[in-house]
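Read the structure below first, then the notes.
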Amino acid sequence: MSTIKQVQVTFDCAEPERVARFWCEVLGYVVPSPPEGFASWDEFNRSQSPEERGSWFACSDPSGVGPRLFFQRVPEGKVVKNRVHLDVRAGTGLVGDERLATLEAESARLVALGAVQVRVLLADEENESCIVMQDVEGNEFCLD
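The number in our numbering is simply the position in the sequence shown, starting from 1, with 13 added.
Written out as structure tokens, the structure is:
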């Protein structure tokens with residue numbers, strides 16, 4: 014029996030490269046080199062049939078610690094809340110006003126990249142503050 018050592022997180026989306034590049038900026042991830050034999054991703058895409066062109070894109074953690082993110086084009090749009098979402102850990106170890114200020118600053122940075130701030134959930138007896146966001150295609154994620 015084998016033990017799984019890595020996972021990849023896959024997103025269904027309309028514009029894979031656009032969404033991947035957004036998440037590169039959010040997480041400090043990088044776009045991998047184009048497939049062998051191609052000098053650029055544009056060159057690779059030009060070699061594909063029209064229906065395959067731009068149908069997927071990926072990004073990865075340059076340190077190799079975080080999971081690879083894979084984005085694949087699907088014909089249908091997003092219609093309901095995600096069943097799985099990413100928590101972007103921007104306020105780890107912070108509490109109270111300091112945490113909220115850090116989350117708000119990160120939210121402003123991400124809004125400038127095309128994200129949408131949905132709502133701020135303030136700390137209560139059980140949970141610290143977090144901010145619910147949407148990426149450039151409306152997929153929910155949390156800043157916490």
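From the three backbone atoms N, C-alpha and C, an ideal C-beta is built for every residue, glycine too.
Would you report the Cα separation of P45 and V22, rounded to the nearest angstrom?
15 Å
Alpha carbon of N58 to alpha carbon of L113, nearest angstrom:
42 Å
Separation of F51 from E141, as counted between CA atoms:
47 Å
For a test of the three-state rule: what should DSSP assign to T105, helix, strand or coil?
The answer is coil: DSSP assigns T105 none of H, G, I, E or B.
Applying the 10 Å Cβ sphere with the 16-neighbour rule, what's the burial state of A118?
exposed
Using 8 Å as the threshold, is the region 20-36 in touch with the region 137-151, meaning 3 or more CB pairs across them?
yes
Could you have a look at R66 and say whether DSSP puts it in helix, strand or coil?
coil
Classify V120: buried if its beta carbon has 16 or more other beta carbons within 10 angstroms, exposed otherwise.
Checking the sequence shown, residue 120 turns out to be Ser, not Val. By the neighbour-count rule (16 or more Cβ atoms within 10 Å), S120 is buried.
Which two residues bound the contiguous alpha helix (DSSP H) that contains F57?
W54 to R59
Can you give the Cα-Cα distance for L8 and E64, rounded to whole angstroms?
Given that the chain is displayed from residue 14 to residue 157, the structure contains no residue 8 and the question cannot be resolved.
Determine the extent of the beta strand (DSSP E) in which V22 is found, giving its start and end residues.
First-last of the beta strand (DSSP E) with V22: Q21 to C26.
In the structure shown, what three-state DSSP assignment does V145 receive?
strand
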